[in-house]
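Protein chains in written order, with the working numbering: chain W, -15 to 67; chain X, 40 to 279.
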């Protein structure tokens, strides 16, 4: 994998609970902030989409350049967002 | 040996299916624990409203967790997005798991749009509790009301939930009713999502909601290829 993927668990009040960088590339400082920024921007989209479907795993809800955001929503609206 | 089954060994613990857990818990153990919970809270508070609030908060924590657990265990990883869906989920699945049977009835309030009632002949938590006269209308079912509130709140349908005694003719002990009063925002989802689905073909969509006392008027304007289409939607009843 050329780039790292960022995985964040967010509570239902938009408070991040857990964050992890997954991947094999060397850590770049700007990439980490960029991932967080993209995932943060995707929060609004997730909130809207959460009410349209009863599925739990939503694939590819948002794109940024070549980075794709996917999310897994639990029953209590705990969001596991992956970039 | 007769009847020995093979236990399937899973190499990865994540592949193991979710266990059903212990189905039965000793009733007397639970009654004892619950009575201790009530007694402990009684020593901490000065008045009844505070006691009810504490029991509700205890139930809230249970409700939030039970929702997550049951979603994975019983509902096959599907969330509830509809108000009626979550209500029937509480009424049957949650009640069955917690008390061993579905609730007696689920009714919609007649005077207000946002009220629903779950009633039960006798709540399991109240079975071994007697309320002294000087405590008035206190109901230990506040714990169950807290559970329901926890489930609804975590699923995204905020509501105020209370437990009441309703006297029934011909029966010595009154019936218990859990009254659920939904906040404004949980009701509008039913309306908004169905309206949005109807007009998903429009290019530009903006949904403006006005509130007029208890009825909601939805105004949607979308631009089709030739003209602007403005549609008023006024829900007759809760189905809209």
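The beta-carbon is built from N, C-alpha and C at its ideal position, and this holds for glycine as well.
- Scanning 63/X, 78/X, 67/X and 66/X for the CA closest to the CA of residue 179/X turns up 78/X.
- Looking at the DSSP output, residue 54/W bridges to 66/W.
- Along the segment 113 to 145 of chain X, the positions whose C-beta sits under 9 Å from a C-beta of chain W are 114, 116, 117, 118, 119, 120, 121 and 124, read in chain order.
- Residue range 87 to 112 is occupied by the alpha helix (DSSP H) that includes residue 112/X.
- Separation of the CB atoms of residue 198/X and residue 219/X is rounded to 5 Å, and the pair is thereby assigned contact status at 8 Å.
- Here residue 130/X carries a helix assignment [DSSP, helix/strand/coil].
- Take residue 93/X, set aside five residues on each side of it, and the residues of its chain with a beta-carbon closer than 8 Å to its own are 80, 83 and 84, in chain order.
- With the criterion set as a beta carbon lying under 9 Å from some beta carbon of chain X, the segment -2 to 9 of chain W has no members that meet it.
- Considering only 62/X, 69/X and 54/X, the residue with the shortest C-alpha distance to residue 166/X is 69/X.
- Annotation for residue 186/X: no beta strand (DSSP E) segment contains it, though the alpha helix (DSSP H) segment containing it runs 181 to 193.
- Under the criterion of beta carbons closer than 8 Å, residue 45/W and residue 33/W qualify as touching, at roughly 6 Å.
- The three-state reading of DSSP puts residue 149/X in coil, since its state is none of H, G, I, E or B.
- The Cβ of residue -12/W sits no closer than 8 Å to any Cβ of chain X.
- Neighbours of residue 57/W in chain X, taken as residues at a C-beta separation under 9 Å, are given in chain order as 118.
- Against chain X, the CB of residue 38/W has a partner CB under 8 Å away; the residue lies at that interface.
- DSSP lists 158/X and 203/X as the bridge partner or partners of residue 216/X.
- Note on geometry: alpha-carbon atoms of residue 64/X and residue 101/X lie some 16 Å from one another.
- Among the CB atoms of chain W, one or more fall inside 8 Å of the CB of residue 106/X.
- By the neighbour-count criterion, in which 16 or more other beta carbons inside 10 Å mark a residue as buried, residue 26/W falls on the buried side.
- Identification of residues in the segment 210 to 226 of chain X having a C-beta nearer than 9 Å to some C-beta of chain W yields an empty set.
- When DSSP states are grouped into helix, strand and coil, residue -1/W belongs to the coil group.
- Residue pairing of residue 119/X in beta bridges, as defined by DSSP: absent, with no partner found.
- For the segment 186 to 198 of chain X, residues whose beta-carbon sits nearer than 8 Å to a beta-carbon of chain W comprise 193, 194 and 195.
- When C-beta distances to chain W are compared with 8 Å, the residues of the segment 94 to 105 of chain X below that value are 103, in chain order.
- Among the residues facing chain X, residue 19/W is not included, as its CB has no counterpart in that chain under 8 Å away.
- Of the candidates 62/W, 60/W and 53/W, 53/W places its Cα closest to the Cα of residue -11/W.
- An exposed status is given to residue 54/X, since fewer than 16 other beta-carbon atoms sit within 10 Å of its beta-carbon.
- Taking a contact as a CB-CB distance under 8 Å, the pair residue 126/X and residue 97/X does not count as one, their CB atoms being some 22 Å apart.
- Counting along the chain, no alpha helix (DSSP H) covers residue 142/X, and no H or E run does either.
- No Cβ-Cβ contact shorter than 8 Å links residue 95/X with residue 222/X.
- In the three-state scheme derived from DSSP, where H, G and I count as helix and E and B as strand, residue -6/W is classed as strand.
- Rounded to whole angstroms, the gap between the alpha carbons of residue 132/X and residue 207/X is 26 Å.
- Not a single CB atom of chain W sits nearer than 8 Å to the CB of residue 179/X.
- By the Cβ-count criterion, residue 151/X is exposed, with fewer than 16 other Cβ atoms from all chains shown falling within 10 Å of its own Cβ.
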